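Q: Just passing along the structure, written as structure tokens.
Residue numbers (this note's numbering): 39 to 203.
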């Protein structure tokens, strides 16, 4: 198999795996809403942090806001999944096309990966980790998982983004 075909195959597979991943995350969040809702609630309440008075003013104590933030996360995951599935199908359908056509078919997949990067870096690492001091929590700390997912999504983005020649 030629290197060009292998690289195309890798790009398609990475979009497919990412699409499956986000689909399973959405399915889990919708069918087991309470589990990750508790995560969002505790992070926003900052009830498992060092309770530093200089930071606790950031704490949110509102069930409505917990649901709003959780739904923002779920909707972002849905958008990522949809874009990734569209990107996967488009790229798969252009697997044997010329380089320009194949490259032009990447846009939805790349957008889906960007949405994933926003989810992990902005929502979890920046807002959860820094604003709500999630890094201080022994129980409600999702930074390792978010960092792993940011890394994996970022690597996928770089590989898919590479121009096909």
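Even glycine gets a Cβ: it sits at the ideal position worked out from N, Cα and C. Please read these numbers as outputs of a predicted model, since none were measured by experiment.
Could I get the ranges of all uninterrupted alpha helix (DSSP H) runs contained in the region 77 to 148, with 4 residues as the minimum, in chain order?
A: 101 to 131 and 137 to 142
Q: By the 10 Å Cβ neighbour count, where 16 or more other Cβ atoms means buried, how is residue 150 classified, buried or exposed?
A: buried
Q: Rounded to whole angstroms, what's the CA-CA distance from residue 108 to residue 71? Just pull it up for me.
A: Using only the alpha carbons, I get a separation of about 9 Å.
Q: Is the separation between the beta-carbon of residue 78 and that of residue 172 shorter than 8 Å?
A: no
Q: Within this structure, are the beta carbons of residue 48 and residue 197 separated by less than 8 Å?
A: Residue 48 is a Cβ neighbour of residue 197, given a cutoff of 8 Å.
Q: Could you tell me the alpha carbon to alpha carbon distance between residue 183 and residue 165, rounded to whole angstroms?
A: Their backbone Cα atoms lie some 15 Å apart in a straight line.
Q: In the DSSP assignment, find the alpha helix (DSSP H) that holds residue 5 and state where it starts and stops.
A: Look at the range of the chain in this structure, 39 to 203, and you will see that residue 5 is not part of it.
Q: Is the region 121 to 131 touching the region 95 to 109 in the sense that three or more CB pairs, one from each, lie closer than 8 Å?
A: Touching, no, given that fewer than three Cβ pairs across the two stretches are closer than 8 Å.
Q: Below 8 Å between beta carbons: does that hold for residue 148 and residue 199?
A: yes
Q: Please confirm whether residue 86 and residue 175 have their CB atoms less than 8 Å apart.
A: yes
Q: Taking only three categories from DSSP, how would you classify residue 160?
A: helix
Q: In this structure, does DSSP put residue 188 in helix, strand or coil?
A: helix
Q: Using the Cα positions of residue 91 and residue 168, report the straight-line distance between them to the nearest angstrom.
A: 15 Å
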